[in-house]
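Peer 1:
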Amino acid sequence: MPPKPLHETVLNPECSPGLPDYAELHCLSNFTFLRGASFPEELIERADELGYRAIAITDECSLSGVVRAHAVAKERGIELIIGSEFHLEEGCHFVLLACNRRGYGHLSHLISCARKDTAKGNYHMDYAMVEQHLPSDCIALWLPDLNHAPEHLAHQAVWLHRLFSKRLWIGVELLLRGDDLRKLRFLKRLGEQYTIPLCATGGVYMHVPSRRIVQDTVTAIRLR
Numbered sequence: 022m023p024p025k026p027l028h029e030t031v032l033n034p035e036c037s038p039g040l041p042d043y044a045e046l047h048c049l050s051n052f053t054f055l056r057g058a059s060f061p062e063e064l065i066e067r068a069d070e071l072g073y074r075a076i077a078i079t080d081e082c083s084l085s086g087v088v089r090a091h092a093v094a095k096e097r098g099i100e101l102i103i104g105s106e107f108h109l110e111e112g113c114h115f116v117l118l119a120c121n122r123r124g125y126g127h128l129s130h131l132i133s134c135a136r137k138d139t140a141k142g143n144y145h146m147d148y149a150m151v152e153q154h155l156p157s158d159c160i161a162l163w164l165p166d167l168n169h170a171p172e173h174l175a176h177q178a179v180w181l182h183r184l185f186s187k188r189l190w191i192g193v194e195l196l197l198r199g200d201d202l203r204k205l206r207f208l209k210r211l212g213e214q215y216t217i218p219l220c221a222t223g224g225v226y227m228h229v230p231s232r233r234i235v236q237d238t239v240t241a242i243r244l245r
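The sequence shown: position 162 = 183 (our numbering), numbered continuously.
1) Which residues in the same chain have their Cβ closer than 7 Å to the Cβ of V12, if we skip the five residues on either side of it in sequence?
2) Label D138 either buried or exposed according to how many other C-beta atoms from any shown protein chain fall within 10 Å of its C-beta, with 16 as the threshold for buried.
3) Would you grab the beta carbon distance between L325 and L205 for me? Rounded to a whole angstrom, and I think it's under 8 Å.
4) For Y226, I'd like the list of residues in its chain whose CB is within less than 6 Å of its CB, leaving aside the five on either flank, ordered along the chain.
5) Whole-angstrom Cβ separation of H173 and G212, contact assumed at under 8 Å?
6) My output table needs one value for F207: the three-state DSSP class, helix, strand or coil.
7) Would C82 and R123 be called neighbours here (beta carbons separated by less than 9 Å)?
8) Under the three-state reduction of DSSP, which class applies to L196: helix, strand or coil?
9) Exposed or buried, which one is Q214 when buried takes at least 16 other CB atoms within 10 Å?
10) How many angstroms separate the CA atom of Y144 from the CA atom of F107?
11) Could you tell me how far apart the beta carbons of G192 and L164 are, in whole angstroms, since I believe they sit closer than 8 Å?
12) Identify the continuous alpha helix (DSSP H) that holds L246 and give its terminal residues.
13) Am I right that H127 and D158 are in contact with their C-beta atoms under 8 Å? What's the rounded C-beta distance?
14) Helix, strand or coil: which one does DSSP assign to S59?
15) Sort P171, V179, G98 and V87 by Cα distance to L118 and report the nearest one.
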């Protein structure tokens, strides 16, 4: 029997009784240059230690860490979800998660198109490119920027909903920065307004707190 689609398992709270399982759906490894502070295998191992059901490696416009992550995930017996994070020229920020081999192929093609004809380490992606190379069999996690004007968020919501329909979620990342309640209320209203369900994500950059100094250092280098 083939495995159930991603949206029917990891993103379905009714798929198992008792306490809810948790799958981390937004993780950047150190293959996302000057952002992530942990190796893919470290993220996988830590997720397994914490009892996560699954973990997604979602480096920015890259699948470079997938091979190393896959080897450890197979050894540990934890489900690996392959995905990637994107920042579009228009300001839209989202993560795509491959549901199956076909989705993985489409995601790989989209990344190749975005990297083509750009300087090493860079990429270019806009609405037109995503529409032209629409990655079917992928789930989208929208990460709205609360600093964007309401009309910009409205445009992003309508555009994403048109492309992904029931394969679209709003990623809710509460990072203990003092505005979590305001952010959660805002995202709930946004989801209700555009009929987009919410999904908890962590926005993970490191596997243990002690790696914070590395993350701070690479962030300082990136923003200098």
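Each residue gets a CB set at the ideal place from its N, CA and C atoms; glycine is no exception. Being a predicted model, the structure only gives us computed values, none of them experimental.
Peer 2: The relevant details are as follows:
1) The structure shown has nothing for residue 12, since the chain only spans 22 to 245.
2) exposed
3) The structure shown does not extend to residue 325, since the chain spans only 22 to 245, so no value can be given for it.
4) L49, G57, A58 and Q236
5) Incorrect: roughly 17 Å between the Cβ atoms, too far for contact.
6) helix
7) no
8) coil
9) exposed
10) 9 Å
11) 5 Å
12) There is no way to answer for residue 246, as the model of the chain reaches only from 22 to 245.
13) 6 Å
14) coil
15) V87
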